[in-house]
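For the record, in the sequence shown the residue sitting at position 50 is 106 according to my numbering, with numbers rising by one throughout.
Yeah, the Cβ is synthetic: ideal placement off N, Cα and C, and Gly gets one too.
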Amino acid sequence: MKDTAVRTMFETIAPSYDFQNSFLSLRRDVYWRRALAESLVLTRGDTVLDVAVGTAETALAIGERHPGVRVVGVDFSPAMLAVGRKKIAGRRSGTNIRLTAGDGRWLPIRSGSVAAVTISFGIRNINERSVALAEFHRVLQPGGRLLVMEFSYPDQPLLYRLYRFYFDHILPPVGNLLSRTDYAYSYLAESVEDFPRDANFVAEIAAAGFTDVSVKKLTFGISKIFAGRKKQGVAI
(Lines of atoms letter the chains of each structure in order from A and count residues from 1; the text may use other names and numbers.)
(Lines give C-alpha, C1' and ligand atoms only; values in the text may rest on other atoms or scores of the structure.)
Protein backbone atom coordinates (compact mmCIF):
# COMPACT_ATOMS: atom_id res chain seq x y z
CA MET A 1 0.00 0.00 0.00
CA LYS A 2 1.33 3.46 -0.88
CA ASP A 3 2.36 5.92 1.84
CA THR A 4 -0.62 8.22 1.31
CA ALA A 5 -3.06 5.32 1.53
CA VAL A 6 -1.47 4.02 4.74
CA ARG A 7 -1.55 7.49 6.29
CA THR A 8 -5.21 7.94 5.30
CA MET A 9 -6.04 4.56 6.82
CA PHE A 10 -4.52 5.49 10.19
CA GLU A 11 -6.16 8.91 10.12
CA THR A 12 -9.50 7.09 9.74
CA ILE A 13 -9.06 4.45 12.44
CA ALA A 14 -7.19 6.56 15.02
CA PRO A 15 -10.19 7.23 17.34
CA SER A 16 -10.91 3.51 17.82
CA TYR A 17 -7.42 2.11 17.23
CA ASP A 18 -6.62 1.18 20.85
CA PHE A 19 -9.96 -0.53 21.45
CA GLN A 20 -9.67 -2.53 18.24
CA ASN A 21 -6.16 -3.75 19.03
CA SER A 22 -7.06 -4.71 22.58
CA PHE A 23 -10.29 -6.46 21.58
CA LEU A 24 -8.91 -8.34 18.58
CA SER A 25 -5.74 -9.48 20.38
CA LEU A 26 -7.57 -10.37 23.61
CA ARG A 27 -5.36 -7.74 25.29
CA ARG A 28 -2.19 -9.58 24.34
CA ASP A 29 -0.99 -6.33 22.73
CA VAL A 30 -0.60 -4.86 26.24
CA TYR A 31 1.61 -7.78 27.30
CA TRP A 32 3.67 -7.59 24.09
CA ARG A 33 4.44 -3.89 24.53
CA ARG A 34 5.42 -4.45 28.15
CA ALA A 35 7.69 -7.29 27.07
CA LEU A 36 9.41 -4.96 24.62
CA ALA A 37 9.86 -2.31 27.32
CA GLU A 38 11.30 -4.91 29.70
CA SER A 39 13.79 -6.00 27.01
CA LEU A 40 15.42 -2.57 27.07
CA VAL A 41 18.49 -2.05 29.26
CA LEU A 42 18.68 1.68 29.94
CA THR A 43 20.33 4.19 32.24
CA ARG A 44 18.60 7.17 33.83
CA GLY A 45 18.84 10.10 31.43
CA ASP A 46 18.92 7.94 28.28
CA THR A 47 16.74 8.84 25.29
CA VAL A 48 14.63 6.23 23.49
CA LEU A 49 13.20 6.87 20.04
CA ASP A 50 9.88 5.11 19.40
CA VAL A 51 9.18 5.13 15.66
CA ALA A 52 5.59 4.75 14.42
CA VAL A 53 4.59 5.73 17.95
CA GLY A 54 0.91 5.92 16.99
CA THR A 55 -1.27 6.43 20.05
CA ALA A 56 1.79 6.16 22.33
CA GLU A 57 1.02 2.75 23.84
CA THR A 58 4.60 1.50 23.51
CA ALA A 59 6.03 4.86 24.57
CA LEU A 60 3.93 4.74 27.73
CA ALA A 61 4.99 1.16 28.44
CA ILE A 62 8.63 2.27 28.18
CA GLY A 63 7.94 5.28 30.41
CA GLU A 64 6.35 3.07 33.06
CA ARG A 65 9.18 0.53 33.02
CA HIS A 66 11.99 3.12 32.85
CA PRO A 67 10.80 6.28 34.67
CA GLY A 68 14.14 8.08 34.43
CA VAL A 69 14.29 7.83 30.65
CA ARG A 70 13.20 10.34 27.99
CA VAL A 71 11.05 8.95 25.16
CA VAL A 72 10.65 10.68 21.79
CA GLY A 73 7.84 9.31 19.64
CA VAL A 74 7.66 9.89 15.88
CA ASP A 75 4.69 9.18 13.63
CA PHE A 76 3.42 10.38 10.25
CA SER A 77 -0.29 10.39 11.23
CA PRO A 78 -1.53 13.62 12.89
CA ALA A 79 -4.69 11.87 14.08
CA MET A 80 -2.76 9.09 15.81
CA LEU A 81 -0.45 11.65 17.42
CA ALA A 82 -3.45 13.64 18.66
CA VAL A 83 -4.83 10.55 20.42
CA GLY A 84 -1.38 9.84 21.87
CA ARG A 85 -0.92 13.39 23.18
CA LYS A 86 -4.27 13.28 25.00
CA LYS A 87 -3.31 9.98 26.54
CA ILE A 88 0.14 10.98 27.82
CA ALA A 89 -1.25 14.24 29.24
CA GLY A 90 -3.25 12.22 31.76
CA ARG A 91 -0.59 9.66 32.72
CA ARG A 92 2.28 10.00 35.18
CA SER A 93 4.47 7.90 32.88
CA GLY A 94 3.84 10.45 30.12
CA THR A 95 5.86 13.17 31.86
CA ASN A 96 9.05 12.43 29.91
CA ILE A 97 7.40 11.56 26.58
CA ARG A 98 7.41 13.94 23.61
CA LEU A 99 5.57 13.20 20.37
CA THR A 100 6.47 14.72 17.04
CA ALA A 101 5.51 14.32 13.39
CA GLY A 102 7.98 12.51 11.18
CA ASP A 103 8.69 9.66 8.79
CA GLY A 104 10.73 6.62 9.79
CA ARG A 105 12.82 6.96 6.64
CA TRP A 106 13.88 10.55 7.36
CA LEU A 107 13.97 11.01 11.11
CA PRO A 108 14.13 14.52 12.64
CA ILE A 109 16.75 13.25 15.09
CA ARG A 110 20.49 13.97 15.42
CA SER A 111 22.92 11.21 14.48
CA GLY A 112 24.18 9.15 17.41
CA SER A 113 21.80 10.76 19.89
CA VAL A 114 19.58 7.94 21.23
CA ALA A 115 20.30 4.89 23.38
CA ALA A 116 17.59 2.74 21.78
CA VAL A 117 15.20 2.73 18.84
CA THR A 118 11.91 0.85 19.09
CA ILE A 119 9.13 0.27 16.58
CA SER A 120 6.03 -1.79 17.34
CA PHE A 121 3.91 -3.20 14.51
CA GLY A 122 5.05 -0.38 12.24
CA ILE A 123 7.91 -1.64 10.10
CA ARG A 124 5.41 -3.45 7.81
CA ASN A 125 3.90 -0.08 6.93
CA ILE A 126 7.16 1.54 5.85
CA ASN A 127 8.04 1.29 2.19
CA GLU A 128 11.80 1.12 1.63
CA ARG A 129 12.53 -0.80 4.83
CA SER A 130 16.26 -0.68 4.12
CA VAL A 131 16.18 3.12 4.19
CA ALA A 132 14.34 3.10 7.54
CA LEU A 133 16.72 0.55 9.07
CA ALA A 134 19.68 2.67 7.96
CA GLU A 135 18.05 5.70 9.64
CA PHE A 136 17.56 3.75 12.86
CA HIS A 137 21.25 2.84 12.75
CA ARG A 138 22.23 6.47 12.10
CA VAL A 139 20.44 7.95 15.12
CA LEU A 140 21.66 5.30 17.57
CA GLN A 141 24.64 5.84 19.82
CA PRO A 142 27.46 3.29 19.39
CA GLY A 143 26.36 0.27 21.40
CA GLY A 144 22.70 1.32 21.19
CA ARG A 145 19.95 -1.23 20.56
CA LEU A 146 17.20 -1.58 17.99
CA LEU A 147 14.01 -3.46 18.96
CA VAL A 148 11.47 -4.19 16.22
CA MET A 149 8.22 -5.85 17.30
CA GLU A 150 6.09 -7.31 14.56
CA PHE A 151 3.31 -9.80 13.95
CA SER A 152 4.19 -13.29 12.76
CA TYR A 153 2.77 -16.81 12.76
CA PRO A 154 3.08 -19.65 15.30
CA ASP A 155 5.60 -22.37 14.46
CA GLN A 156 3.55 -25.25 15.88
CA PRO A 157 1.52 -26.74 12.96
CA LEU A 158 -1.88 -27.01 14.69
CA LEU A 159 -1.62 -23.54 16.23
CA TYR A 160 -0.49 -22.21 12.85
CA ARG A 161 -3.60 -23.57 11.11
CA LEU A 162 -5.95 -22.27 13.82
CA TYR A 163 -4.30 -18.87 13.88
CA ARG A 164 -4.27 -18.55 10.11
CA PHE A 165 -8.01 -19.29 10.03
CA TYR A 166 -8.62 -16.55 12.60
CA PHE A 167 -6.18 -14.12 11.01
CA ASP A 168 -7.37 -14.64 7.44
CA HIS A 169 -11.11 -15.21 7.87
CA ILE A 170 -12.28 -13.73 11.19
CA LEU A 171 -10.03 -10.79 12.01
CA PRO A 172 -10.45 -8.88 8.70
CA PRO A 173 -14.28 -8.68 8.66
CA VAL A 174 -14.59 -8.08 12.42
CA GLY A 175 -11.76 -5.54 12.43
CA ASN A 176 -13.13 -3.73 9.40
CA LEU A 177 -16.55 -3.57 11.06
CA LEU A 178 -15.13 -2.14 14.30
CA SER A 179 -12.98 0.37 12.44
CA ARG A 180 -15.82 1.31 10.09
CA THR A 181 -13.62 0.74 7.06
CA ASP A 182 -13.65 -1.91 4.38
CA TYR A 183 -9.89 -2.39 4.19
CA ALA A 184 -7.89 -1.60 7.37
CA TYR A 185 -7.78 -5.11 8.82
CA SER A 186 -7.76 -6.78 5.43
CA TYR A 187 -4.58 -4.77 4.87
CA LEU A 188 -3.23 -5.99 8.22
CA ALA A 189 -3.61 -9.64 7.23
CA GLU A 190 -2.12 -9.03 3.79
CA SER A 191 0.84 -7.04 5.10
CA VAL A 192 1.74 -9.69 7.68
CA GLU A 193 1.61 -12.33 4.95
CA ASP A 194 3.87 -10.20 2.74
CA PHE A 195 6.40 -9.43 5.50
CA PRO A 196 9.74 -11.29 5.26
CA ARG A 197 10.11 -14.47 7.26
CA ASP A 198 12.46 -14.40 10.24
CA ALA A 199 15.73 -15.29 8.53
CA ASN A 200 15.18 -12.79 5.74
CA PHE A 201 14.30 -9.92 8.08
CA VAL A 202 17.26 -10.77 10.33
CA ALA A 203 19.43 -10.49 7.21
CA GLU A 204 17.90 -7.07 6.41
CA ILE A 205 18.71 -5.82 9.92
CA ALA A 206 22.28 -7.12 9.64
CA ALA A 207 22.67 -5.51 6.20
CA ALA A 208 21.86 -2.13 7.80
CA GLY A 209 24.96 -2.50 9.98
CA PHE A 210 23.52 -4.11 13.13
CA THR A 211 25.24 -6.92 15.01
CA ASP A 212 24.05 -9.48 17.58
CA VAL A 213 20.72 -9.77 15.73
CA SER A 214 18.24 -12.03 17.53
CA VAL A 215 14.56 -13.01 17.52
CA LYS A 216 12.38 -13.43 20.61
CA LYS A 217 9.00 -15.14 20.27
CA LEU A 218 5.96 -13.95 22.22
CA THR A 219 2.67 -15.88 22.61
CA PHE A 220 3.80 -18.93 20.59
CA GLY A 221 5.35 -16.72 17.92
CA ILE A 222 2.26 -14.64 17.10
CA SER A 223 4.39 -11.60 17.90
CA LYS A 224 8.18 -11.40 17.71
CA ILE A 225 10.84 -8.96 18.85
CA PHE A 226 13.79 -8.60 16.48
CA ALA A 227 16.79 -7.06 18.23
CA GLY A 228 20.10 -5.70 16.97
CA ARG A 229 22.94 -3.57 18.24
CA LYS A 230 25.01 -0.78 16.71
CA LYS A 231 28.69 -1.65 17.04
CA GLN A 232 30.79 0.14 19.62
CA GLY A 233 33.25 2.50 17.99
CA VAL A 234 31.16 3.04 14.85
CA ALA A 235 31.54 6.59 13.53
CA ILE A 236 28.42 8.70 14.09
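Between Gly101 and Gly124, the gap from beta carbon to beta carbon is short of 8 Å. Note that the C-beta distance between His122 and Leu155 is not below 8 Å. Annotated three-state conformation of Val97 is coil, per DSSP.
As a beta-bridge residue in DSSP terms, Glu206 pairs with Lys280. Residue state for Thr151 is assigned as coil, using DSSP reduced to three classes. Ala70 and Leu137 have their alpha carbons spaced roughly 9 Å apart. Residue nearest to Phe266 within the set Leu215, His225 and Arg285 is Arg285 (criterion: CA-CA distance). Under the three-state reduction of DSSP output, Ala264 falls in the coil class, being neither helix nor strand. CA-CA distance, Ile144 to Leu116, rounds to 7 Å. For Arg220, DSSP records no beta bridge to any residue. Counting only unbroken stretches of 4 or more residues, the alpha helix (DSSP H) elements lying wholly within the segment 60–89 are 73–80, in sequence order. Judged by DSSP in its simplified three-state form, Asp106 adopts strand.
For Gly178, the closest of Asp211, His193, Leu189 and Val170 by C-alpha to C-alpha distance is Leu189. Assignment of beta-bridge partners to Ala157 by DSSP yields Asp131.
Judged by DSSP secondary structure, Thr114 falls within the alpha helix (DSSP H) whose first and last residues are Glu113 to Arg121. For Val170, the enclosing beta strand (DSSP E) begins and ends at Val170 to Ser176. For Val258, the closest C-alpha among the options Val230, Leu215 and Glu206 is that of Glu206. The residue among Asn183, Leu274, Lys287 and Ala283 with its C-alpha nearest the C-alpha of Tyr87 is Leu274.
Following the DSSP letters along the chain, one finds Arg236 in no alpha helix (DSSP H), marked with neither H nor E.
With a threshold of 16 other beta carbon atoms within 10 Å, Leu233 falls short and is exposed. Gly140 carries a helical assignment under DSSP once its states are collapsed to helix, strand and coil. Within 10 angstroms of the beta-carbon of Thr103 lie 16 or more other beta-carbons, which makes it buried. Contact check for Val195 against Gly160 fails: the beta carbons are separated by 8 Å or more.
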